[in-house]
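Each protein sequence line maps, in turn, to chains A and B.
Residue numbers are given in the numbering used here: position 37 of the first sequence equals residue 203, and the series is strictly consecutive.
Residue numbers are given in the numbering used here: position 159 of the second sequence equals residue 160, and the series is strictly consecutive.
See structure below.
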Amino acid sequence: MMEIRYAKTHEWAGKEGDLYVCGLSEYAQDKIGDVVFVELPETGAEVEQNAPFGVIESVKAANDLYSPLNGEVAEVNTALEDEPELVNSSPLEDGWICKIRSDDESFAALMSEDEYQVYLKGQDE
Amino acid sequence: MLKTAINSFHRDQDARMVEYAGWDMPLFYASGATEEHRIVRRSAGLFDVSHMGRFRIKGSGSADFLNHLISSDVKSLPIGLSGYGLLLNPQGGIIDDVFLYHIAAENYLLVVNASNLEKDWQWLEKHKDGYDIILTDESPESSLFALQGPRVIPVLETLTGLSLQNNWERFGVREFILENIPFLAGRTGYTGEDGVEIFVANEQALALWKIILKNFSPHCEISPCGLACRDSLRFEPGFPLYGHELNETILPPQALLKWACHMEGDFIGKEAVTALLEKGVEKKLITLSLVDKGVPREGYDVLSSEGEVIGQVVSGLYAPTVDKYCANAFVPLAYSKAGTEIQVSL
C-alpha cells in the first residue's frame, strides 16, 4: 500500500510510480459535506506547496484547495467534472484530484498518518 | 451561542453544526444536504427552525396595527388562516419578510426571520402607540419545526385519523395532539412542498420531534434536515431569503413581491412602492442557470454578453432537482427577459 502523507490544509499525497497522487482527506470531505463542484488545476501548471491550486465547492461554501507538494501538475482527475461527489464517496481513491511530478523533499515535509491523526484531535477540540 | 430546545438531538446525531444568526444550528446530518434535499422532494423532512422569531399580537387594535405595518391585506385574513407579508420602511425598503397567523379573534402570531428578530421587535414597538395591543415576544418559550414533503399530509392523516387532504386548506391553521402532545400546525412551509409548520411548547419539543420521526418512519421515508438543504429547497421554487434577495434597499416590485403588497391598503412604505411603480422598475430579480459548471456564489459579477458588469449574484448554488448550477441576481430591466444571454464571472 502506498504511503500517504497529509498537509495541514487536509490534502493528502501518495507516491504512485514516478508521480504523486493528491486528494482531499476523509476528514475534510466529511467536514465540508456534499461536494458539488471541483475546479481542478491545469495540467502542466507549476504548483507550490501550501499555495492554492484549485477550489472545491460544497453545498454551502467554496474552499480553496492547497497544493500539498512543489512540482508540476502531470494529470488531473477529469472524472470529477461529472462526478464531483467522488470526493465524498472515495476521497483516497476514485476522488483523487491530480497527480504531481514532485521532489521527495516536499513529500517528506508532510505529516505522516499518525501525525495527522494527532493533528485532527487538536482541530476538533 | 443560543441553542434551540432540541439542540441535544442535533449533537447526538453528529449533525454538522454552524452558527447562524447567533444560534447553534444543524447544517446537515449524516446523509448529507443533497440527500436531505431529495428526501423532502420525494417524501418528508423535518427541520428545526426554532431560531426564527415569534411575536404575539393581541388586543382590539391588533388588526389595525398589523395592517399598518404589514404590506399584505391583513384585515382580509380570516381566523384560522396564515399569510405572507413584508415589513417595509417609509422608503419602501424591505425590513423583513414575515408570516402572519390569525390564531383567534384579536390574536395574531407573527413569525419573523432569526437574523431580524431584534430589529423587527424594535420596529413593532416603535409603531404601537395609539393602538390597543399587547405585544409579546414568545420566541424563548416555544419551538418551531417545519415538516415538509409530499407524504406529510397523507401520513399525518393516517396518524391522527382526521380527514386532512381535502379538508385543510393551504395556509390553514389547526390544533393537533400526537401521543398526548398538543401542538399548533399551519399548512405552509418554505420548501415548495406541501407540509406543515409546527408550534410546540419548549418542554415538549424534543419529545414531539422524536415522536414525529418515529411515527412517520413506518409510513414513509423521513429524515431530519439541516439549514443547507432548507436553502436549496427554498431556492428552487424561487422563494427569497432575507439578506440575499431582500434587504432594506430593495423594494418589493424589484424582488418580484408586488403580489405581497395590498396597494388599496395603507401600510408603511406604500407611497414609495406606488412611486416606483409609476416611475417604472429599473432593476429586477432574475434567476439564471449556468451553461457551464461552477457555483455562482453571492457577490460574483453578472455581465452582459458584451462583458459589461450589470449586477451581482445574491444567491447561487447547485440545484439538485434540476441538476443545474443556478443563481439569483438583480439586473437592469433590459436584461431581465427570460432567454436573455448573460454571463457570470466565476
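A virtual CB, placed ideally from N, CA and C, is assigned to each residue, including glycine.
- Taking a beta-carbon distance threshold of 8 Å, residue 42/B does not count as an interface residue toward chain A.
- Beta-bridge partners assigned by DSSP to residue 149/B: 46/B and 196/B.
- In this structure, the beta-carbon distance from residue 174/B to residue 269/B does not fall below 8 Å.
- Each residue's CA atom was taken as its position, placing residue 97/B and residue 86/B some 9 Å apart.
- Judged by DSSP secondary structure, residue 194/A falls within the alpha helix (DSSP H) whose first and last residues are 192-198.
- With respect to chain A, the C-beta atom of residue 294/B has a partner C-beta closer than 8 Å.
- In the DSSP assignment, the residues bridged to residue 173/B are 82/B.
- The three-state secondary structure of residue 267/A, taken from DSSP, is strand.
- Distance from the CA of residue 117/B to the CA of residue 337/B, rounded to the nearest whole angstrom, comes to 29 Å.
- Taking the Cα positions, residue 18/B is about 20 Å away from residue 40/B.
- Rounded to whole angstroms, residue 142/B and residue 206/B show a C-alpha spacing of 10 Å.
- For residue 28/B, the neighbours in chain A by C-beta distance under 8 Å run, in chain order, 199 and 226.
- Distance between residue 330/B and residue 184/A, taken at the CA atoms: about 47 Å.
- In the DSSP assignment, residue 56/B forms a beta bridge with 111/B and 138/B.
- Comparing alpha carbon positions, the residue from 124/B, 80/B and 28/B closest to residue 108/B is 80/B.
- Rounded to whole angstroms, the gap between the alpha carbons of residue 188/B and residue 169/B is 8 Å.
- Going by DSSP, residue 260/B is part of no alpha helix (DSSP H) at all; its letter is neither H nor E.
- Scanning chain B for C-beta atoms nearer than 9 Å to the C-beta of residue 247/A yields 294, reported in chain order.
- Residue environment for residue 50/B: buried (at least 16 other C-beta atoms within 10 angstroms of its C-beta).
- With respect to residue 251/B, residue 289/B sits apart: the two C-beta atoms are not nearer than 8 Å.
- With a cutoff of 8 Å on beta-carbon distance, residue 126/B and residue 111/B are scored as not near each other.
- Between residue 113/B and residue 99/B, the alpha-carbon positions lie close to 5 Å from each other.
- Residue 340/B counts as exposed, since fewer than 16 other C-beta atoms from the protein chains shown sit within 10 angstroms of its C-beta.
- Secondary structure note for residue 203/A: its beta strand (DSSP E) is the uninterrupted segment 201-205.
- Sequence-distant Cβ neighbours of residue 322/B in its own chain, meaning closer than 7 Å and more than five residues away, are 42 and 237.
- For residue 223/A, the nearest beta carbon of chain B is closer than 8 Å to its own beta carbon.
- Counting along the chain, residue 329/B sits inside no alpha helix (DSSP H); it lies in the beta strand (DSSP E) bounded by residues 325-333.
- For the stretch 205-229 of chain B, the set of residues with a beta-carbon nearer than 7 Å to any beta-carbon of chain A comprises 229, in chain order.
- Sequence-distant partners of residue 90/B (beyond 5 residues in either direction) whose C-beta falls short of 8 Å from its own C-beta, in its chain, are 96, 249, 269 and 270.
- For residue 275/B, the enclosing alpha helix (DSSP H) covers residues 271-280.
- Residue contact check for residue 203/A against chain B: a CB pair falls below 8 Å.
- The three-state secondary structure of residue 248/A, taken from DSSP, is helix.
- By the Cβ rule, the stretch 201-220 of chain A counts as touching the stretch 228-246 of chain A, because three or more pairs are nearer than 8 Å.
- DSSP places residue 103/B in the uninterrupted beta strand (DSSP E) bounded by 95-105.
- At the C-beta level, residue 28/B and residue 229/B come within 8 Å of one another.
- In this model, residue 328/B and residue 257/A are separated by some 28 Å (Cα to Cα).
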